[in-house]
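Following: one structure in C-alpha coordinates, then a few remarks.
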Amino acid sequence: MNSRNKPIPLHTLNIRKHVIICEWNYRAKLIYQELRNNFKRKKVPIVVIADIEDEPIKNDNNLFFIKGAVEKETLNEANIRKAETVVILGDENLDDTSRDAKVALSTLTVENTYRQVYTIVELADERYFELCQKAHADRIIVAGSNFRSHLVSSAVINNGISDLVSYILTEQSKNQFYQIPVPSYYQGCAFINVLVEMRRCRQGTIIAIFQGTTGKIVTNPESKYELQKGDFLIVMTRNKSYFSRLSL
3 MNSRNKPIPL
13 HTLNIRKHVI
23 ICEWNYRAKL
33 IYQELRNNFK
43 RKKVPIVVIA
53 DIEDEPIKND
63 NNLFFIKGAV
73 EKETLNEANI
83 RKAETVVILG
93 DENLDDTSRD
103 AKVALSTLTV
113 ENTYRQVYTI
123 VELADERYFE
133 LCQKAHADRI
143 IVAGSNFRSH
153 LVSSAVINNG
163 ISDLVSYILT
173 EQSKNQFYQI
183 PVPSYYQGCA
193 FINVLVEMRR
203 CRQGTIIAIF
213 QGTTGKIVTN
223 PESKYELQKG
233 DFLIVMTRNK
243 SYFSRLSL
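Residues in the sequence shown are numbered consecutively from 3, following the working numbering.
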(Lines of atoms letter the chains of each structure in order from A and count residues from 1; the text may use other names and numbers.)
(Lines give C-alpha, C1' and ligand atoms only; values in the text may rest on other atoms or scores of the structure.)
Protein backbone atom coordinates (compact mmCIF):
# COMPACT_ATOMS: atom_id res chain seq x y z
CA MET A 1 0.00 0.00 0.00
CA ASN A 2 1.18 3.49 -0.80
CA SER A 3 -0.16 6.79 0.48
CA ARG A 4 0.58 10.45 0.11
CA ASN A 5 2.18 10.40 3.56
CA LYS A 6 4.91 8.10 2.27
CA PRO A 7 7.96 9.73 0.63
CA ILE A 8 7.62 8.34 -2.91
CA PRO A 9 5.10 10.31 -5.03
CA LEU A 10 2.75 8.17 -7.07
CA HIS A 11 3.80 9.60 -10.41
CA THR A 12 7.30 8.21 -9.93
CA LEU A 13 5.83 4.70 -9.80
CA ASN A 14 4.97 5.01 -13.50
CA ILE A 15 1.46 3.63 -13.03
CA ARG A 16 -0.71 3.93 -16.09
CA LYS A 17 -4.16 2.99 -17.34
CA HIS A 18 -5.35 3.23 -13.75
CA VAL A 19 -8.64 4.30 -12.20
CA ILE A 20 -8.79 7.34 -9.92
CA ILE A 21 -11.66 7.41 -7.42
CA CYS A 22 -12.38 10.83 -5.91
CA GLU A 23 -13.98 10.61 -2.44
CA TRP A 24 -14.49 7.49 -0.38
CA ASN A 25 -17.87 6.25 0.87
CA TYR A 26 -19.77 2.97 1.00
CA ARG A 27 -20.57 3.28 -2.71
CA ALA A 28 -16.88 3.69 -3.48
CA LYS A 29 -16.29 0.44 -1.61
CA LEU A 30 -18.98 -1.28 -3.70
CA ILE A 31 -17.36 0.04 -6.89
CA TYR A 32 -13.97 -1.17 -5.69
CA GLN A 33 -15.38 -4.63 -4.96
CA GLU A 34 -17.07 -4.89 -8.36
CA LEU A 35 -13.86 -3.94 -10.14
CA ARG A 36 -11.88 -6.48 -8.16
CA ASN A 37 -14.49 -9.16 -8.90
CA ASN A 38 -14.25 -8.49 -12.64
CA PHE A 39 -11.65 -10.75 -14.26
CA LYS A 40 -10.52 -7.98 -16.62
CA ARG A 41 -10.14 -5.39 -13.88
CA LYS A 42 -9.18 -7.37 -10.80
CA LYS A 43 -5.58 -6.11 -10.92
CA VAL A 44 -6.11 -2.64 -12.40
CA PRO A 45 -4.29 0.03 -10.35
CA ILE A 46 -6.73 2.16 -8.35
CA VAL A 47 -5.88 5.51 -6.78
CA VAL A 48 -8.20 6.89 -4.09
CA ILE A 49 -8.16 10.64 -3.40
CA ALA A 50 -10.11 11.39 -0.23
CA ASP A 51 -9.87 13.60 2.82
CA ILE A 52 -10.09 10.73 5.30
CA GLU A 53 -7.79 9.76 8.13
CA ASP A 54 -6.55 6.38 6.99
CA GLU A 55 -6.15 4.32 3.84
CA PRO A 56 -9.55 2.82 2.96
CA ILE A 57 -8.40 -0.63 1.79
CA LYS A 58 -5.49 -2.56 3.19
CA ASN A 59 -3.58 -5.53 1.75
CA ASP A 60 -4.09 -4.50 -1.89
CA ASN A 61 -0.79 -3.71 -3.58
CA ASN A 62 -2.64 -2.24 -6.58
CA LEU A 63 -4.53 0.36 -4.55
CA PHE A 64 -2.90 3.69 -3.68
CA PHE A 65 -4.24 6.33 -1.30
CA ILE A 66 -3.75 10.08 -1.48
CA LYS A 67 -5.06 11.99 1.53
CA GLY A 68 -6.52 15.35 0.56
CA ALA A 69 -9.08 17.20 -1.52
CA VAL A 70 -9.61 16.85 -5.27
CA GLU A 71 -7.29 19.55 -6.57
CA LYS A 72 -4.64 19.96 -9.25
CA GLU A 73 -1.83 18.90 -6.89
CA THR A 74 -3.45 15.63 -5.80
CA LEU A 75 -4.60 14.82 -9.33
CA ASN A 76 -1.09 15.29 -10.68
CA GLU A 77 0.26 13.19 -7.83
CA ALA A 78 -2.20 10.50 -8.94
CA ASN A 79 -0.62 10.69 -12.41
CA ILE A 80 -3.89 11.77 -14.03
CA ARG A 81 -2.25 12.15 -17.44
CA LYS A 82 -1.65 8.41 -17.58
CA ALA A 83 -5.00 7.46 -16.02
CA GLU A 84 -7.72 5.69 -17.95
CA THR A 85 -10.72 6.83 -15.89
CA VAL A 86 -11.56 9.28 -13.11
CA VAL A 87 -14.63 8.52 -10.98
CA ILE A 88 -16.05 11.48 -9.04
CA LEU A 89 -18.33 10.49 -6.16
CA GLY A 90 -20.40 12.49 -3.69
CA ASP A 91 -19.32 13.44 -0.18
CA GLU A 92 -21.68 11.61 2.19
CA ASN A 93 -21.04 14.18 4.94
CA LEU A 94 -22.99 16.79 2.97
CA ASP A 95 -26.65 17.19 2.04
CA ASP A 96 -27.66 16.33 -1.52
CA THR A 97 -27.41 19.88 -2.87
CA SER A 98 -24.01 20.61 -1.30
CA ARG A 99 -22.76 17.17 -2.28
CA ASP A 100 -23.67 17.66 -5.93
CA ALA A 101 -22.18 21.16 -5.91
CA LYS A 102 -18.90 19.69 -4.65
CA VAL A 103 -19.06 16.99 -7.33
CA ALA A 104 -19.53 19.68 -10.00
CA LEU A 105 -16.54 21.63 -8.65
CA SER A 106 -14.40 18.46 -8.61
CA THR A 107 -15.47 17.76 -12.20
CA LEU A 108 -14.32 21.22 -13.27
CA THR A 109 -11.01 20.68 -11.45
CA VAL A 110 -10.42 17.32 -13.11
CA GLU A 111 -11.31 18.56 -16.57
CA ASN A 112 -9.18 21.69 -16.18
CA THR A 113 -6.24 19.57 -15.03
CA TYR A 114 -6.45 17.04 -17.87
CA ARG A 115 -9.33 17.22 -20.34
CA GLN A 116 -8.43 13.99 -22.16
CA VAL A 117 -9.15 11.63 -19.26
CA TYR A 118 -12.51 9.80 -19.23
CA THR A 119 -14.61 11.12 -16.34
CA ILE A 120 -17.57 9.40 -14.68
CA VAL A 121 -19.62 11.63 -12.38
CA GLU A 122 -22.14 10.58 -9.71
CA LEU A 123 -25.02 12.94 -8.86
CA ALA A 124 -27.82 12.65 -6.30
CA ASP A 125 -30.32 14.46 -8.57
CA GLU A 126 -30.47 16.16 -11.95
CA ARG A 127 -30.04 19.79 -10.91
CA TYR A 128 -26.29 19.76 -11.52
CA PHE A 129 -26.46 17.55 -14.61
CA GLU A 130 -26.17 20.42 -17.09
CA LEU A 131 -23.30 22.03 -15.17
CA CYS A 132 -21.32 18.77 -15.16
CA GLN A 133 -22.15 18.37 -18.84
CA LYS A 134 -20.75 21.85 -19.57
CA ALA A 135 -17.68 20.88 -17.55
CA HIS A 136 -17.13 18.13 -20.17
CA ALA A 137 -17.87 15.11 -17.95
CA ASP A 138 -18.00 12.05 -20.20
CA ARG A 139 -20.53 10.06 -18.19
CA ILE A 140 -23.03 11.47 -15.67
CA ILE A 141 -25.01 9.01 -13.57
CA VAL A 142 -28.11 9.97 -11.59
CA ALA A 143 -29.89 7.06 -9.89
CA GLY A 144 -30.65 5.34 -6.59
CA SER A 145 -27.61 4.94 -4.34
CA ASN A 146 -26.77 1.21 -4.66
CA PHE A 147 -27.84 1.07 -8.30
CA ARG A 148 -25.79 4.20 -8.93
CA SER A 149 -22.73 2.36 -7.62
CA HIS A 150 -23.35 -0.51 -10.02
CA LEU A 151 -23.74 1.86 -12.96
CA VAL A 152 -20.50 3.65 -12.08
CA SER A 153 -18.54 0.40 -11.90
CA SER A 154 -20.21 -0.78 -15.12
CA ALA A 155 -19.14 2.46 -16.79
CA VAL A 156 -15.53 1.83 -15.75
CA ILE A 157 -15.64 -1.76 -17.03
CA ASN A 158 -17.83 -1.28 -20.10
CA ASN A 159 -19.15 2.16 -21.05
CA GLY A 160 -21.73 0.85 -23.48
CA ILE A 161 -23.56 -1.32 -20.96
CA SER A 162 -24.05 1.52 -18.47
CA ASP A 163 -25.31 3.77 -21.28
CA LEU A 164 -27.84 1.13 -22.28
CA VAL A 165 -29.09 0.58 -18.73
CA SER A 166 -29.43 4.32 -18.13
CA TYR A 167 -31.32 4.74 -21.40
CA ILE A 168 -33.73 1.94 -20.55
CA LEU A 169 -34.55 3.65 -17.27
CA THR A 170 -35.24 7.09 -18.79
CA GLU A 171 -38.38 8.49 -20.34
CA GLN A 172 -36.65 8.58 -23.72
CA SER A 173 -36.98 4.82 -24.10
CA LYS A 174 -40.69 4.86 -23.12
CA ASN A 175 -40.21 1.58 -21.24
CA GLN A 176 -42.08 0.88 -18.02
CA PHE A 177 -41.49 -1.82 -15.42
CA TYR A 178 -44.34 -3.80 -13.90
CA GLN A 179 -44.54 -6.50 -11.27
CA ILE A 180 -47.46 -8.82 -12.00
CA PRO A 181 -48.59 -12.04 -10.32
CA VAL A 182 -48.06 -15.15 -12.43
CA PRO A 183 -51.45 -15.98 -14.02
CA SER A 184 -52.85 -19.37 -13.02
CA TYR A 185 -52.54 -20.68 -16.60
CA TYR A 186 -48.76 -20.06 -16.50
CA GLN A 187 -48.18 -21.80 -13.17
CA GLY A 188 -46.09 -24.93 -13.70
CA CYS A 189 -44.93 -23.74 -17.13
CA ALA A 190 -41.26 -23.45 -18.08
CA PHE A 191 -39.91 -19.90 -17.98
CA ILE A 192 -38.71 -19.99 -21.60
CA ASN A 193 -42.22 -20.79 -22.88
CA VAL A 194 -43.78 -17.96 -20.89
CA LEU A 195 -41.01 -15.58 -21.98
CA VAL A 196 -41.70 -16.28 -25.65
CA GLU A 197 -45.47 -16.14 -25.19
CA MET A 198 -45.34 -12.88 -23.25
CA ARG A 199 -43.14 -11.30 -25.88
CA ARG A 200 -45.17 -12.57 -28.83
CA CYS A 201 -48.62 -11.72 -27.50
CA ARG A 202 -48.09 -8.79 -25.12
CA GLN A 203 -44.83 -7.12 -26.23
CA GLY A 204 -43.43 -7.63 -22.75
CA THR A 205 -39.94 -8.82 -21.79
CA ILE A 206 -39.60 -10.69 -18.50
CA ILE A 207 -36.34 -9.59 -16.89
CA ALA A 208 -36.71 -11.27 -13.50
CA ILE A 209 -38.96 -13.31 -11.23
CA PHE A 210 -39.83 -12.37 -7.67
CA GLN A 211 -40.39 -15.51 -5.61
CA GLY A 212 -43.23 -14.71 -3.25
CA THR A 213 -42.50 -17.73 -1.06
CA THR A 214 -38.82 -16.91 -0.46
CA GLY A 215 -38.69 -13.17 -1.11
CA LYS A 216 -35.82 -13.63 -3.57
CA ILE A 217 -35.44 -12.03 -6.99
CA VAL A 218 -34.23 -14.39 -9.72
CA THR A 219 -32.66 -12.49 -12.61
CA ASN A 220 -32.10 -14.16 -15.97
CA PRO A 221 -33.86 -17.38 -14.86
CA GLU A 222 -32.91 -20.72 -16.36
CA SER A 223 -35.03 -21.74 -19.34
CA LYS A 224 -36.43 -24.76 -17.48
CA TYR A 225 -37.41 -22.79 -14.36
CA GLU A 226 -41.04 -23.63 -13.54
CA LEU A 227 -43.22 -20.70 -12.55
CA GLN A 228 -44.99 -21.26 -9.24
CA LYS A 229 -48.10 -19.95 -7.55
CA GLY A 230 -46.97 -16.93 -5.58
CA ASP A 231 -44.31 -15.93 -8.10
CA PHE A 232 -44.36 -12.50 -9.70
CA LEU A 233 -43.06 -11.51 -13.13
CA ILE A 234 -41.02 -8.32 -13.42
CA VAL A 235 -41.72 -7.16 -16.95
CA MET A 236 -40.28 -4.39 -19.11
CA THR A 237 -42.75 -3.17 -21.71
CA ARG A 238 -44.29 -0.26 -23.57
CA ASN A 239 -47.71 -1.92 -23.44
CA LYS A 240 -48.92 0.12 -20.48
CA SER A 241 -52.62 -0.47 -21.04
CA TYR A 242 -52.36 -4.25 -20.50
CA PHE A 243 -49.72 -4.52 -17.76
CA SER A 244 -50.89 -1.60 -15.65
CA ARG A 245 -54.17 -3.47 -15.04
CA LEU A 246 -52.29 -6.52 -13.76
CA SER A 247 -49.54 -4.82 -11.75
CA LEU A 248 -49.57 -4.46 -7.98
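Every residue, glycine too, gets a C-beta built ideally from N, C-alpha and C.
Quick caveat: nothing in here was measured; it's all calculated off a predicted structure.
Short Cβ contact (7 Å threshold) for residue i with residue j
| i | j | result |
| --- | --- | --- |
| Thr109 | Asp140 | no |
| Ile82 | Pro47 | no |
| Asp233 | Val184 | yes |
| Thr111 | Val72 | yes |
| Lys42 | Glu86 | no |
| Ile142 | Val119 | no |
| Tyr227 | Phe179 | no |
| Trp26 | Ile68 | no |
| Leu229 | Tyr188 | yes |
| Leu125 | Val144 | yes |
DSSP state of residue i mapped onto helix, strand, coil
| i | result |
| --- | --- |
| Ser147 | Confidence at Ser147 is low in this model, with a pLDDT of 48, below 50, so its placement is unreliable and no value can be given for it. |
| Asp102 | helix |
| Asp82 | Before going on, a small fix: residue 82 reads as Ile here, not Asp. Helix. |
| Val184 | coil |
| Ala126 | coil |
| Thr207 | strand |
| Ala30 | helix |
| Arg337 | No statement about residue 337 is possible, as the shown extent of the chain runs from 3 to 250 and does not include it. |
| Phe41 | coil |
| Gln118 | coil |
| Gln178 | strand |
| Asn16 | coil |
| Ile219 | strand |
Opposing strand residues paired with residue i [DSSP bridges]
| i | result |
| --- | --- |
| Glu25 | Paired residue(s): none; Glu25 is not in a bridge. |
| Val50 | Ile23, Phe67 |
| Asp233 | Gln213 |
| Thr87 | Val21, Tyr120 |
Top-ranked residue by Cα proximity to residue i, from the options
| i | options | result |
| --- | --- | --- |
| Ile182 | Asp97, Ile142, Met238 | Met238 |
| Val24 | Ala52, Ile33, Arg38 | The displayed chain sequence assigns Cys, not Val, to residue 24. Nearest of Ala52, Ile33, Arg38 to Cys24, Cα basis: Ala52. |
| Tyr130 | Lys84, Asn63, Thr99, Ile208 | Thr99 |
| Met200 | Glu224, Val220, Ile236 | Ile236 |
| Val50 | Ala80, Glu224, Leu229, Lys104 | Ala80 |
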